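Just so it is clear: in the sequence shown, position 203 is 202 by numbering that gives the first Met the number 0, and no numbers are missing.
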Amino acid sequence: MRKQCVNGEILCILAILRLKIKKRNASPGHTRENSSNMKITIQYKLFMFMLATAALVIGYMGVVTQWSFDRGFLEYIDTQEQEEMELIATELEAYYAEHKSWENLKDNRYELFTIFAQTLPEGRKKRYVQKKIHDKELPEWIGEKDPPKDKKRPSHPLERTLILDEFGLPFFGSQRGDALPRLRMLSFQNQEIGAIGLYPPEVLQDSHQLLFVKKQKMIIVLVGIAAILISIGLSLPLAFQLTKPVRRLSEAAKRLISGDYSTRVQVTSKDELGALSRDFNTLAETLGNNETQRKQWISDIAHELRTPLTSLQGEIEAVQDGIRQPDQRTFSNLHQGVSRLNRLVEDLYDLSRSELGVLSFYQENIDFRALLVDEVQARQNDAGKANLSLLLKTEQEPIMISGDKQRLQQLINNLLGNSITYTEQGGAIEISLKSGGLKVQMDIMDTAPGVPDEALPQLFNRLFRVEQSRNRSLGGAGLGLAICQQIVTAHNGTVTANHSPSGGLWVQVTLPVLGELS
0 MRKQCVNGEI
10 LCILAILRLK
20 IKKRNASPGH
30 TRENSSNMKI
40 TIQYKLFMFM
50 LATAALVIGY
60 MGVVTQWSFD
70 RGFLEYIDTQ
80 EQEEMELIAT
90 ELEAYYAEHK
100 SWENLKDNRY
110 ELFTIFAQTL
120 PEGRKKRYVQ
130 KKIHDKELPE
140 WIGEKDPPKD
150 KKRPSHPLER
160 TLILDEFGLP
170 FFGSQRGDAL
180 PRLRMLSFQN
190 QEIGAIGLYP
200 PEVLQDSHQL
210 LFVKKQKMII
220 VLVGIAAILI
230 SIGLSLPLAF
240 QLTKPVRRLS
250 EAAKRLISGD
260 YSTRVQVTSK
270 DELGALSRDF
280 NTLAETLGNN
290 ETQRKQWISD
300 IAHELRTPLT
310 SLQGEIEAVQ
320 DGIRQPDQRT
330 FSNLHQGVSR
340 LNRLVEDLYD
350 LSRSELGVLS
360 FYQENIDFRA
370 LLVDEVQARQ
380 NDAGKANLSL
390 LLKTEQEPIM
400 ISGDKQRLQQ
410 LINNLLGNSI
420 TYTEQGGAIE
430 ISLKSGGLKV
440 QMDIMDTAPG
450 VPDEALPQLF
460 NRLFRVEQSR
470 NRSLGGAGLG
480 LAICQQIVTA
490 HNGTVTANHS
500 PSGGLWVQVT
510 LPVLGELS
């Protein structure tokens with residue numbers, strides 16, 4: 000009744016939550032929010048992440064490449080200009096050798112421009128300078144002492160040229176602060192007659208250079224755009240392919256939730272997603288087995304409860320109809336039926352409490368040898384009625400363990416009762432007890448009939464019975480060995496079942512012993 004009330008309260012709470020969720024989903028804002036959240040699937044998140052990563056890498060490479068290109072191109076131009084400056088230095092030395100002075104050159108900027116023109120290579124630039132010379136037309140800054148720094152005007156190497164006389168004083172160009180350019184000394188007859196230097200370019204202003212740089216930047220931009228398009232073309236199918244197992248798992252999970260436990264996911268890889276798919280298949284198989292066991296459990300419980308109830312009902316109706324008299328025999332039959340029903344209910348109750356972890360265990364120091372001897376002696380009468388011999392082999396010294404005495408008595412009684420119930424008349428049951436190290440081992444071996452190989456792993460399952468000679472007709476409900484396993488597990492021990500050398504069943508129980516007693 001209490002369980003039904005709790006279940007009713009849970010159902011009411013779930014119904015209220017469902018109504019609240021429906022109301023919230025009915026609001027327009029929430030619907031739009033849900034729809035927007037649903038659009039951003041893991042596939043598109045993965046795609047956007049890969050695309051953003053590719054864009055950042057491409058952008059970084061573009062910036063670094065552009066910076067490296069600009070710097071390298073300026074260094075290249077500076078190298079070329081330094082080579083041209085060497086030619087100008089040679090021409091200036093020849094001029095000084097002819098005139099023995101810089102005086103005429105200081106006042107004649109036209110002649111200096113002519114010397115500069117003679118050092119230029121063939122090409123458009125040289126033709127331009129020769130045209131200027133032919134037309135007697137010099138750039139505006141040639142006549143000025145300090146060349147202008149207006150970047151909008153065409154840049155010229157002479158704007159950055161500094162020429163010093165024999166006294167170290169500039170007679171062409173101007174010094175930029177305290178810094179001097181890299182100077183090339185001018186000499187005549189092994190004497191220094193001056194120096195010439197060229198400041199490196201800081202920006203590009205020549206139209207041809209700017210056009211070349213513009214083309215290179217355009218190429219870098221086009222390469223970046225092509226790389227992003229390639230990234231889109233590769234990352235979208237890759238994201239779709241990577242999330243394909245996730246979608247299969249999601250669809251399979253929905254079928255599993257609906258109760259289709261036969262659902263399985265195809266394992267197509269050996270990576271983490273493949274391992275997840277295998278774990279999902281294992282989960283689905285486990286849930287299917289649990290559902291089958293649950294249905295079988297309910298069916299078996301109903302059958303086990305129906306058998307004594309039917310017997311009781313038949314006895315009572317026979318008394319009511321006058322077929323049987325309410326004598327001692329009738330009351331004895333009714334008492335046996337009620338006792339069997341009570342025993343079944345108690346076993347179910349103990350087993351359920353044990354599996355839920357609420358079965359009480361009172362730990363105390365127990366002489367397990369003395370406990371076993373007492374229980375074997377108590378069952379000698381039952382064994383004699385079944386025409387069975389009950390043999391005990393044990394050590395003489397006490398074997399101390401920590402455990403619940405009542406539960407350990409229940410363990411021994413269930414194991415002995417199982418052997419007495421199912422062993423054929425005239426057979427024997429051997430019980431041995433020995434200790435070694437930190438363990439104590441109890442072996443119970445009986446004679447025929449035995450247990451099939453496929454039934455051995457299931458002997459400790461709830462309501463399991465071997466459907467041969469060890470069957471329901473002998474009165475067992477299939478709960479005794481399951482309860483034994485729970486008791487042994489609660490005492491940190493192990494219990495196993497094997498074939499007995501004498502043709503029956505061999506149950507082995509191992510429990511931890513106490514340390515050395517003081």
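Just so you know, even glycine gets a beta-carbon here, dropped at the ideal spot from N, CA and C. Every value quoted in this text rests on a predicted model; they were computed, and no experiment measured them.
>> Can you give me the C-alpha to C-alpha distance between Q376 and P511, rounded to a whole angstrom?
In response: 24 Å
> On the premise that A88 lies in contact with I192, defined as a C-beta separation below 8 Å, what is that separation, rounded to the nearest angstrom?
Replying inline: Between A88 and I192 the Cβ distance is about 11 Å, and since that is not below 8 Å, they are no contact.
> What number of angstroms, rounded off, separates the C-alpha of L86 from the C-alpha of N103?
Replying inline: 20 Å
> What residues in its chain sit with their C-beta under 7 Å from that of N386, if we drop five residues either side in the sequence?
Replying inline: Q424 and G425
>> Could you give the first and the last residue of the continuous beta strand (DSSP E) run that contains R183?
In response: L182 to F187
> Are the Cβ atoms of M441 and S499 separated by less than 8 Å?
Replying inline: no
> Taking the alpha-carbon positions, what's the I419 to R328 distance?
Replying inline: 26 Å
> Going by Cα to Cα distance, which pick from F360, S351 and L504 is closest to L478?
Replying inline: S351
> Skipping 5 residues on each side, what residues in its chain have a beta carbon closer than 6 Å to that of R31?
Replying inline: Because R31 carries a pLDDT of 41, less than 50, the predicted location of this residue cannot be relied on, and the following value inherits that uncertainty. Nothing meets the Cβ criterion.
> Quick one: complete beta strand (DSSP E) runs, 3+ long, within the region 395 to 470?
Replying inline: 399 to 402, 427 to 435 and 438 to 446
>> Can you tell me where the beta strand (DSSP E) holding F72 begins and where it ends?
In response: Element bounds for F72: not the beta strand (DSSP E) but the alpha helix (DSSP H), I41 to H98.
> Can you give the beta carbon distance from L531 to R378, rounded, assuming they're within the 8 Å contact cut?
Replying inline: Summary: the structure shown does not reach residue 531, with the chain confined to residues 0 through 517, and so no result is reported for it.
> Cβ atoms of S401 and L513: under 8 Å apart, would you say?
Replying inline: yes
> With DSSP run on the structure shown, which of helix, strand or coil describes W296?
Replying inline: helix
> Can you tell which of V439, M49 and D381 has the C-alpha that lies nearest to the C-alpha of I398?
Replying inline: V439
> Can you name the residues that DSSP bridges to D366?
Replying inline: M399
> For Q324, which of helix, strand or coil comes out of DSSP?
Replying inline: coil
> In the structure shown, what three-state DSSP assignment does Q484 receive?
Replying inline: helix
>> Rounded to the nearest angstrom, what separates S67 and A225 at their Cα positions?
In response: 21 Å
> Given a threshold of 16 other Cβ atoms within 10 Å of its Cβ, counted over all protein chains shown, does L504 qualify as buried or as exposed?
Replying inline: buried
> In terms of residue numbering, what span does the beta strand (DSSP E) encompassing Q507 cover?
Replying inline: G502 to P511
>> Let me check understanding here. Comparing Cα to Cα, which of L333, P200 and T281 lies closest to Y75?
In response: P200
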